[in-house]
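Since the structure comes first, as structure tokens, the remarks are kept for the end.
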Amino acid sequence: MKRVLIANRGEIAIRVARAAKDHGLIPIAVYSHGDRNAQHVLACNEAYSLDGTTASESYLNIEKIIAAAKAARADAVHPGYGFLSENATFAQAVIDAGLIWIGPPPRAISALGDKVSARKIAAKVGAPLVAGTADPVENSAEVVAFAKEHGLPVAIKAAHGGGGRGLKVARTLEEIPEL
Numbered sequence: 058m059k060r061v062l063i064a065n066r067g068e069i070a071i072r073v074a075r076a077a078k079d080h081g082l083i084p085i086a087v088y089s090h091g092d093r094n095a096q097h098v099l100a101c102n103e104a105y106s107l108d109g110t111t112a113s114e115s116y117l118n119i120e121k122i123i124a125a126a127k128a129a130r131a132d133a134v135h136p137g138y139g140f141l142s143e144n145a146t147f148a149q150a151v152i153d154a155g156l157i158w159i160g161p162p163p164r165a166i167s168a169l170g171d172k173v174s175a176r177k178i179a180a181k182v183g184a185p186l187v188a189g190t191a192d193p194v195e196n197s198a199e200v201v202a203f204a205k206e207h208g209l210p211v212a213i214k215a216a217h218g219g220g221g222r223g224l225k226v227a228r229t230l231e232e233i234p235e236l
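Add 57 to the 1-based position in the sequence shown for our numbering, that's all there is to it.
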């Protein structure tokens, strides 16, 4: 592995670029139109346009990122944080393109991306868990019952929400039905 395409932007891409250089690797940036002169681009040895303005046209476009990796003659792809970093389809596409995926295997991303599945895996291997439900709750009455048994505040998390998406906190019982 010599050339690493960083499929991200901002501070995380800068940190990955620095780590790559520290290990004698060549960091390669990708960028949207608005990020042409961004710090993460300047931190890398090379940069390739994803030819898009929005995130969905650029940093979330798997085909464009794979094409950029091939154009750059990258050996590997680092997803950074956010965007496609928790996307099993992206991880598999990188591997299928003959590139090294710097991250967890696609099947681990799939299993752990679903919070209910992840909790069951953690319980199965004996990892310590905070109080929570074994299965998704069906309604606010179940959350109220849980809060009465275990106390407040309670965090209510969407099963597939990542990076804080789908997280709601109720500090009083009255707030629960609103969630």
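C-beta: ideal position from N, C-alpha, C; glycine also.
Check, Outcome
"DSSP state of V200 mapped onto helix, strand, coil", "helix"
"Endpoints, the alpha helix (DSSP H) within which I166 is located", "P163 to G170"
"Three-state secondary structure assigned by DSSP to K205", "helix"
"Residues that DSSP places opposite Y105 in a beta bridge", "V87"
"Inter-residue spacing [alpha-carbon to alpha-carbon] between A184 and K78", "36 Å"
"Per-residue DSSP class, three states only, for A126", "helix"
"Pairwise C-alpha distance: S197 and L117", "34 Å"
"Sequence-distant residues of its chain with Cβ nearer than 7 Å to A150 (five each side left out)", "I119 and I123"
"CB contact below 8 Å: A129 versus chain B", "Judged by its chain identifiers, the structure shown contains no chain B, having just a single protein chain."
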